[in-house]
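Below: one structure, written as structure tokens.
Protein chains: 4
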Amino acid sequence: MSEAQLDLHSLADVRDAAENALSDRARAYINGGAADETTLADNDAAWSRLALDPRMLSGVTEPDLSVTLLGRRRPHPIVIAPTAFAALVHTEAEPGIARAAADTRTVMCLSTFASTPPAELAERVPDVTRWFQLYVFRDRGATRALIAAAEAHGYEALVLTVDRPVLGIRERERRMGVRVDPVNTIGSPLPMNSLPVDTSTRVDGSLTWTDLERFASETELPVLVKGILTARDARLAADHGAAAVIVSNHGGRQLDTTLSGADALPEVADAVGSELDVLVDGGVRRGTDIVKALALGARAVLVGRPLLWGLGLDGSAGARLVLELLLEELEIAMALTGAASVSELDQSFVRPAPWARP
Amino acid sequence: MSEAQLDLHSLADVRDAAENALSDRARAYINGGAADETTLADNDAAWSRLALDPRMLSGVTEPDLSVTLLGRRRPHPIVIAPTAFAALVHTEAEPGIARAAADTRTVMCLSTFASTPPAELAERVPDVTRWFQLYVFRDRGATRALIAAAEAHGYEALVLTVDRPVLGIRERERRMGVRVDPVNTIGSPLPMNSLPVDTSTRVDGSLTWTDLERFASETELPVLVKGILTARDARLAADHGAAAVIVSNHGGRQLDTTLSGADALPEVADAVGSELDVLVDGGVRRGTDIVKALALGARAVLVGRPLLWGLGLDGSAGARLVLELLLEELEIAMALTGAASVSELDQSFVRPAPWARP
Amino acid sequence: MSEAQLDLHSLADVRDAAENALSDRARAYINGGAADETTLADNDAAWSRLALDPRMLSGVTEPDLSVTLLGRRRPHPIVIAPTAFAALVHTEAEPGIARAAADTRTVMCLSTFASTPPAELAERVPDVTRWFQLYVFRDRGATRALIAAAEAHGYEALVLTVDRPVLGIRERERRMGVRVDPVNTIGSPLPMNSLPVDTSTRVDGSLTWTDLERFASETELPVLVKGILTARDARLAADHGAAAVIVSNHGGRQLDTTLSGADALPEVADAVGSELDVLVDGGVRRGTDIVKALALGARAVLVGRPLLWGLGLDGSAGARLVLELLLEELEIAMALTGAASVSELDQSFVRPAPWARP
Amino acid sequence: MSEAQLDLHSLADVRDAAENALSDRARAYINGGAADETTLADNDAAWSRLALDPRMLSGVTEPDLSVTLLGRRRPHPIVIAPTAFAALVHTEAEPGIARAAADTRTVMCLSTFASTPPAELAERVPDVTRWFQLYVFRDRGATRALIAAAEAHGYEALVLTVDRPVLGIRERERRMGVRVDPVNTIGSPLPMNSLPVDTSTRVDGSLTWTDLERFASETELPVLVKGILTARDARLAADHGAAAVIVSNHGGRQLDTTLSGADALPEVADAVGSELDVLVDGGVRRGTDIVKALALGARAVLVGRPLLWGLGLDGSAGARLVLELLLEELEIAMALTGAASVSELDQSFVRPAPWARP
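Chains as they are written, first to last, in numbering that gives the first Met the number 0: chain A, 0 to 357; chain B, 0 to 357; chain C, 0 to 357; chain D, 0 to 357.
So this is what it looks like as structure tokens:
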């Protein structure tokens, strides 16, 4: 453990330490949410509104954390969520995160708006399981080029973000001097290292479920649909070719006062969980959060901001610390819950917390 | 954007900036509510107790914000609520607000207790859609003169306020040195530029539903009844000639511990929404608040205090900023909610927020 | 209005001003509650968990506040609750409170532990309607002497306190140096001007419902039973000769974590309200609190601590201010609720507040 | 009362005073909980979410506090919970606590991880009713030696802790420099006076219900199973030889976000209360907490941290003060609740508190 990590015992510790380490601009960009940040705050709080009902004397001390995800066995259910512009916080950028992912056998999902193009990441960190997050641009040629690059460089899945037809109202960013016009401007070649003000306006917000079906049919890769918050949309995703859905509110950065992943997950899992994989993100900060997500029907969880906190603090080593802390907590939480493996977890392990629903 | 507006990204920013800009007396008068200000605070909080369920991949980036209000098409659902004595905060007074309304194609509702008489406002800002808010005075001649003035100067509707038989207990105002006797004194000629202590005691609190029916029959203008909080009273309004009802608790200034507009709206819309227009006010500060109001059955929302904050801060330009911020937020909220037009919104887009009803 | 009253616009203002005016000992004795003071705090909060549903255009500006209490018409529903040792806060003591009661036509209930004996109060303030609050002592002769004194000096009712078999855990008092043994000691002659540590231990905690029946049969005066919190006990009181019950938790000073009067009232009113008068106390600080109590089935409310705050601040004039503020608020609240008289109020005017039961 | 106890009127006072008296390390070890300490905080809060419905005029001033526990009559329902390493806070250590227990006729449960071996405690304080809390070690010989020592020295029961297959995430301890590997290491001889980092890793986390059955059959002593939070596990305990179950979340030190004892108790009592004794611990700090536990079906309550606060503050005298305060409060709470004896208490005395479930 490096000097920088000496007193970091939880993701909250990493967050607090990163508060001081990041620039004002980076902190606003990473930690900010939409409007009053009601949903941003609730992403964290929602997991705490769930109580765990453990089982004693199960004889479990070393639980099996492995899961089946998109038909493949993975050693654990943690996936790194796509986040933009890691170079904002550390020069090691996305390759630093990917190295931490490789060391911990974690899936790394690269963002369209990453500071590192998909080909470069694959070259620099070849030994990590990679997914590629896709925004569809008005310039469909640029979009196809991105997909082709992902396919060509060993990315195993496409993650299509569907909750960003326009950019949310991000006041922390605006206070830092950026003001984005809500009406999208015309597409243009994609500068991978630019700030959101330049690139974000080129996203094609007029995408429909028919477009999803066409994209899914044009690629060999499984397409995960990210940004689902209702059973209705989960059903539509399943009916239009999605391989999996990711229950997500975009880290509370798009439409304020939507449900958290924790609250939307049960109805989505109930609607489509028997047909395709359901993943969830938003506010996953503790091993117990992951146990709850799995018990409520998720196959895996995505973790985003904490990787940027860790990266900003200590480069790849900081990102690895975040993953190691989560994995240690998950192992302890499974043992104390009394589940020998992830497949044993179901809704009987979770109930509304009396401290929240008295 | 003027210098004064440089760091104003939301109505909350405008409010905070106005806190410093206004005189103690003006701040107490504008921002105060009745008694413990329970209802005043809840007006804001109630919208946050509702969660939005958005729909993805609807293909909407430029939603149609237009609504039909009192049988006419309006470009958006925002109406400026009647507020008294705008001259307290800025010399541009009501004409300043009306100018901002004209620039943004917003309906302007002038108060009986405005600093500017209805004729003068019509003359100074002829190109704004104007409504006139009516208090009925013990001196019915004065009342009829007001109605005649409104009719003569192109006001398109009368808004009859019904929740002020006596003045509420406004402690902030009292602390500023005003103490109003709850028993109304005898009517007298109406000084338009005086303080509430002089004028308010002349309002006739003994008005009944029969009086409403008579007023409605004596004017060509549609009469909106403002101050409805229950299905019972909405039914009575509909049965006594109201063209529309405005769900309102008078900005939390009359009877403390009544419901907010957000909470009273559903039962009112359910009771009379199929017969006449339902509007709502109280605590509308975000584009998402407006989407929720529309989804719950409102045709339009009224916004009051924020216009006075904006006016006090920067005259007409400040009032315009408030309207522009709200319109920008509304457009983004509609796009992210996935509703192409207001008519698509219904109760399926809204649910009790888990963070409030865990 | 005296100098001391210049900026007092509510009972909360009086409380805050009295905080500074009272001695540490008096403040601890008056404002303290039992144990963690959960119930003490909830007495105030419980009224705020109820919302009012007003009726508009009722034509009411000067509502009739009169009520029938113990078979007699009273001009309003406010009763001064029995409180001990008023001399602790001001030399005018109970006669000062009684004078304020007489001036406002309020019923004054004198405590067994008052600083002023019942005969003396009757002599000094003959023109006030008086009730006498009774503790039963182990020395039944002393008890009978008290009753006889009350009967002889024009007290119109006896209020038997039943929730004090032993003294509650009053930590604020203990911190001031008083520590009471929970086991009652042997009775002895009653020193009217002593502190609770001396007198309280002589109360007979072993009283039963049979004792109530005997007391009720031995006096001409109606006996009100104070300290009822459940339908069960209200039923027992009705069956054992009570003329009325007072829903009360003794100002949060006895058993901590019991219900507030506001929460216990509906089930008590439902159980016995058709047979006898139901009164309520605890946390009544606003005119709207009184309207809610009446709507939920109370005939009258008792107010205790605020009179001591007022008395401590400005003698009898301070006590009168408290009553005048409450009466002014009650009148406004009735007018804004749209009830022309108390008899019009029923449960349809009250609902659980959305801000508390979201 | 010693100088140190002069202003201590409740367990909260003792806690606050101990905050200053304890070393940083001891404070972290005693007061800390797992992860975000959600469950730790809720242990206290959960009792306050229950309201008491007292009965008046029951004639009770000196209630009978005695209970039947494990078939024997005990003068009151308080048991001292097993806690580790009392020598951390005071040289009088466990014998100091046991002396206080003897003086107040309280059951003392000694921890496997106590600073004092079972034989030594029995020798130094022979006149206290003793139970022995058992962790099962990988070295079963060491475990059997512990049981034999307990049997040989007059311990009347074994308390098997079942909620610690691995150590919880105790961040306060980690911040003090201790970091425990979650995977248990190989057993070794048991050093009774060492710190948790050394001993805790030898606990055998792979214990099952079959092991419980074998242990129960191998000893004459009744086996209480500590750490039950669900009806399911209570049923399993009853079916595998437990003489009693202790509803407990290990003082919030193991799996965060589990239920509090107060919340888990009703379903456990409902499941097995008619067959065996149910005890509860976690956050018991007031006499009213104990009355609630008894009313919800518990035979007794365990109290842990407060004894260490008292011991740390003033040795055995401080521990005795804690027990005396609780017993005084319990007596008063019973009298004010109107229950003449513990057997009269049932669920009709308790309801969800309106201030928590509005």
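Glycine included, every Cβ here is placed at the ideal spot set by N, Cα and C.
For the options D:Arg169, D:Val341, D:Arg284, D:Ile79, the alpha carbon positioned closest to that of glutamate 328 of chain D is the one of D:Arg284.
Tyrosine 154 of chain A is bridged by DSSP to A:Arg129. A distance below 6 angstroms between beta-carbons, with the five flanking residues on each side excluded, links arginine 48 of chain C to the following residues of its chain, in chain order: Ala352, Ala355. Annotated three-state conformation of serine 259 of chain C is coil, per DSSP. When secondary structure is reduced to three states using DSSP, aspartate 276 of chain C falls in the strand class. According to the DSSP assignment, leucine 307 of chain C belongs to the alpha helix (DSSP H) that extends over 304-336. Per DSSP, isoleucine 168 of chain A lies in no beta strand (DSSP E) and is assigned neither H nor E.
Collapsing the DSSP output to three states places valine 161 of chain A in coil. A Cβ-Cβ contact shorter than 8 angstroms links leucine 254 of chain C with proline 53 of chain D.
For valine 267 of chain C, same chain residues with a beta-carbon under 7 angstroms away, outside a window of 5 residues either side, are Ile227, Ala230, Ala233, Val244, Val246, Val277 in chain order. The DSSP-derived three-state label of aspartate 15 of chain D is helix. If you check each beta-carbon in the stretch 323-339 of chain B against every beta-carbon of chain A, the ones closer than 7 angstroms belong to Glu327, Glu328, Glu330, Ile331, Ala332, Ala334, Leu335, Thr336.
In the DSSP annotation of this structure, the continuous segment of the beta strand (DSSP E) that includes arginine 73 of chain A starts and ends at 71-73. Around the beta carbon of alanine 147 of chain C, fewer than 16 other beta carbons lie within 10 angstroms, which makes this residue exposed. DSSP places threonine 67 of chain B in the strand class (E or B) of the three-state scheme. Assigned with DSSP and collapsed to three states, proline 351 of chain A falls in strand. Contact between tryptophan 308 of chain A and arginine 14 of chain A holds: their C-beta atoms lie close to 5 angstroms from each other, under 8 angstroms.
The DSSP assignment places complete alpha helix (DSSP H) segments of no fewer than 4 residues inside the stretch 36-121 of chain D at 37-47, 92-102, in order along the chain. Interface annotation, valine 283 of chain B: not in contact with chain A, CB-CB separation never under 8 angstroms. Rounded to the nearest whole angstrom, the CA to CA distance from threonine 38 of chain A to histidine 239 of chain A is 28 angstroms. The shortest CA-to-CA distance from alanine 270 of chain B to any of B:Ala316, B:Ala297, B:Asp12, B:Trp208 is the one to B:Ala297. Contact check for alanine 334 of chain B against glycine 204 of chain A passes: the beta carbons are separated by less than 8 angstroms.
Within chain C, the C-beta atoms nearer than 8 angstroms to that of threonine 287 of chain D come from Ala34, Leu254, Asp255, Thr256, in chain order.
Exclusion of the five residues before and after leucine 211 of chain A leaves Leu159, Val161, Val222, Val224, Ala236, His239, Gly240, Ala241 as the residues of its chain whose Cβ lies within less than 8 angstroms of its Cβ.
Around the beta carbon of asparagine 42 of chain D, 16 or more other beta carbons sit within 10 angstroms, so the residue counts as buried. With a threshold of 16 other beta carbon atoms within 10 Å, serine 216 of chain C falls short and is exposed.
One finds nothing in chain B with a Cβ atom closer than 8 angstroms to the Cβ of proline 221 of chain A; even the nearest lies about 18 angstroms away.
Counting along the chain, the unbroken beta strand (DSSP E) around leucine 223 of chain C starts and ends at 222-227. Interface flag for serine 205 of chain C against chain D is set, since a Cβ pair is found closer than 8 angstroms. The beta carbons of arginine 98 of chain D and serine 273 of chain D sit no closer together than 8 angstroms.
In the same chain as arginine 169 of chain C, and ignoring 5 residues on each side of it, the C-beta atoms closer than 7 angstroms to its own belong to Gly31, Ala33, Arg252, in chain order.
Taking 8 angstroms as the cut-off, the Cβ atoms of valine 78 of chain D and valine 349 of chain D do not count as close. Going by DSSP, alanine 233 of chain D is part of the alpha helix (DSSP H) stretching over 230-238.
Taking every protein chain shown into account, the CB of glycine 167 of chain D has 16 or more other CB atoms within 10 angstroms, so this residue is buried. Looking at the DSSP output, threonine 207 of chain B bridges to C:Ser57. Beta bridge pairing from DSSP links alanine 241 of chain C with no other residue.
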